[in-house]
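With the first letter of the sequence shown counted as 1, position 155 gets the number 344 in my numbering; the numbers rise by one all the way through.
Yeah, the Cβ is synthetic: ideal placement off N, Cα and C, and Gly gets one too.
In this text, all values refer to a predicted model and were calculated from it rather than measured experimentally.
Working notes, beginning with the structure itself.
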Amino acid sequence: MIPLEPRQLPALSDWFAVGAPGTAALPEHVLAHGAGQWWADRAEAPRALAVTCAGHVVLRGDPRAVTAAGLAPFAAGHVDAPLRFLPVLGAAFERLVPVERMVYVHREPVAATRPPRGVRVRPLAAGDAAALAAGWPGSDWIHDSWGGAEGLAACGRAVAAFDRGGRVLSVACSYFAGAAYEDVAVATAPEHRRRGLAHACVTALTADIAARGRTASWSCARDNRPSRLLAWTTGFRLESEYTRFATGSPLPQSAALGKPLPNPTSPLMPLL
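The structure is reproduced here in structure tokens:
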């Protein structure tokens, strides 16, 4: 597939769900905020269209329009695609793992919790970019969907817990901000977990999202029990479930020729 400029895009409503919760808000987020990349099988009258952001891929259209080699940019990613794409996805990567996902929508009001002594919970501002970037090992993912720490700090859609020295201990943000739903993500420094910081940040963020006239959503893997528990205790309730695919390295196409293609009508577990 080839990269597209936003000005080359067809009407998104013809390709993607508009006003949907969860990572389905990714196309709207990329179109509105610019962090991400559009892809198509061809620039004029595309038959397959994809959008990538922060390692997430939403792929739609006709799988006959794409080749295994053309999907190489989606290696080591998380692909949301209809089952009809399974044969070409299976031929493109050395590993294709189905991951069951759960989508929650914020439905129950939850009272704001008081943070621990010496901790302040407040919205992030542009001046917090350096503290956000410092974070802790492995925390960079939380601002990937905004193009980096500066983008997230300035977007007006994040809440963080700070210690007295100004260090970020926990941060919740609208990871993918659509027109109707904002999908929430949260990260907390390992040594500050189980102190209620994530709960406090998420509760404050969902209130901010509601004040903007939108609804907070939450997406996580079915087997991520801590994430599911946090979603429940902060007022989210299950809306839907779906399966996406974690991809490995691109297959050399000489190897792909000898690889059995996945059958989209067969159980998914043999792909593991």
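Just the C-alpha distance for glycine 429 and alanine 214, rounded to the nearest angstrom, thanks.
Numbered from 1 along the sequence shown, position 240 holds the residue referred to as residue 429. Numbered from 1 along the sequence shown, position 25 holds the residue referred to as residue 214. Rather than glycine, the amino acid found at residue 429 in this sequence is serine. Put simply, the backbone Cα of serine 429 is about 14 Å away from that of alanine 214.
Using DSSP with H/G/I as helix, E/B as strand and the rest coil, what is glutamate 430?
The residue you call residue 430 lines up with position 241 of the sequence shown. The answer is strand: DSSP assigns glutamate 430 an E or B state.
Would you mind working out which of Asp269, Ala229, Ala261 and Arg290 sits nearest arginine 414, comparing C-alpha positions?
Working through the sequence shown from its first residue, we reach residue 414 at position 225. With distances taken between Cα atoms, arginine 414 lies closest to Arg290.
If you drop the 5 nearest sequence neighbours on each side, which residues of the same chain put their C-beta closer than 6 Å to that of glycine 327?
Within the sequence shown, residue 327 is the residue found at index 138, counting from 1. Excluding positions up to five away in sequence, the list is empty.
When Met190, Leu418 and Asp412 are compared against threonine 256, the one with the closest alpha-carbon
On the sequence shown, residue 256 is found 67 positions in, with the first residue counted as 1. Ranking the options by Cα distance to threonine 256, first place goes to Met190.
State buried or exposed for leucine 418, treating a residue as buried only when at least 16 other CB atoms are found within 10 Å of its CB.
One-based indexing of the sequence shown puts residue 418 at position 229. Flag for leucine 418 reads exposed.
So is aspartate 466 buried or exposed if we call it buried at 16+ other beta carbons inside 10 Å?
The question about residue 466 has no answer, for the chain in this structure spans 190 to 461.
Where glycine 250 sits in the DSSP three-state scheme:
Indexing the sequence shown from 1 puts residue 250 at position 61. If DSSP states are grouped into helix, strand and coil, glycine 250 belongs with the strands.
State the CB to CB distance for the pair arginine 284 and threonine 432, rounded to an integer number of angstroms; the pair is presumed to be in contact (CB under 8 Å).
Within the sequence shown, residue 284 is the residue found at index 95, counting from 1. Within the sequence shown, residue 432 is the residue found at index 243, counting from 1. Not a contact, Cβ separation roughly 16 Å.
Anticipated Cβ contact below 8 Å, glycine 342 with alanine 318, distance rounded
Position 153 of the sequence shown, counted from the start, is the residue given in the question as residue 342. Position 129 of the sequence shown, counted from the start, is the residue given in the question as residue 318. Residue identity check: residue 342 is alanine in the sequence provided, not glycine. Separation of the CB atoms of alanine 342 and alanine 318 is rounded to 4 Å, and the pair is thereby assigned contact status at 8 Å.
Could you name the residues of the same chain whose beta carbon sits closer than 7 Å to that of threonine 392, not counting the 5 residues immediately before and after it, in chain order?
Walking along the sequence shown from the start, residue 392 turns up at place 203. Non-local beta-carbon contacts of threonine 392 in its own chain, meaning distances under 7 Å to residues more than five positions away in sequence, involve Val299, Ala301, Thr302 and Thr423 in chain order.
With a cut-off of 8 Å on the beta carbons, I'd call valine 292 and glycine 208 a contact; round off their distance for me.
Start at 1 with the first residue of the sequence shown, and residue 292 comes out as number 103. Start at 1 with the first residue of the sequence shown, and residue 208 comes out as number 19. Taking a contact as a CB-CB distance under 8 Å, the pair valine 292 and glycine 208 does not count as one, their CB atoms being some 14 Å apart.
Could you say which of Val268, Ala366, Arg296 and Ala322 lies nearest to valine 360 if we only look at CA atoms?
In the sequence shown, counting from the first residue as 1, residue 360 sits at position 171. For valine 360, the nearest C-alpha among the options comes from Ala322.
Length of the line joining the Cα atoms of alanine 281 and serine 416:
In the sequence shown, the residue the question calls residue 281 occupies position 92. In the sequence shown, the residue the question calls residue 416 occupies position 227. Going from the Cα of alanine 281 to the Cα of serine 416 covers about 31 Å.
Beta-bridge pairing of isoleucine 191 - partner residues as DSSP gives them
Along the sequence shown, one-based indexing puts residue 191 at 2. Isoleucine 191 is bridged to Ala229.
Measuring only the C-alpha atoms, how far is valine 240 from valine 246?
For the purposes of this step, residue 240 is taken as the residue at position 51 of the sequence shown. For the purposes of this step, residue 246 is taken as the residue at position 57 of the sequence shown. Using only the alpha carbons, I get a separation of about 6 Å.
Taking Cβ positions, are glycine 324 and alanine 347 nearer each other than 9 Å?
For the purposes of this step, residue 324 is identified with residue 135 of the sequence shown, where counting begins at 1. For the purposes of this step, residue 347 is identified with residue 158 of the sequence shown, where counting begins at 1. Contact flag unset, no.
Valine 219 - DSSP class collapsed to helix/strand/coil
In the sequence shown, the residue the question calls residue 219 occupies position 30. It is helical.
With distances taken between CB atoms, is the gap from tyrosine 370 to alanine 315 smaller than 9 Å?
Within the sequence shown, residue 370 is the residue found at index 181, counting from 1. Within the sequence shown, residue 315 is the residue found at index 126, counting from 1. Not a contact, by the Cβ cut-off of 9 Å.
If the criterion is Cβ atoms closer than 9 Å, does the pair alanine 368 and cysteine 344 meet it?
Within the sequence shown, numbered from 1, the residue matching residue 368 stands at position 179. Within the sequence shown, numbered from 1, the residue matching residue 344 stands at position 155. It is not a contact, given that the beta carbons lie outside the stated cut-off.
Using only CA atoms, which one of Gln197, Glu217, Ala221 and Ala224 lies nearest to aspartate 230?
As a first step, residue 230 must be located in the sequence shown, where it is residue number 41. It is Gln197.
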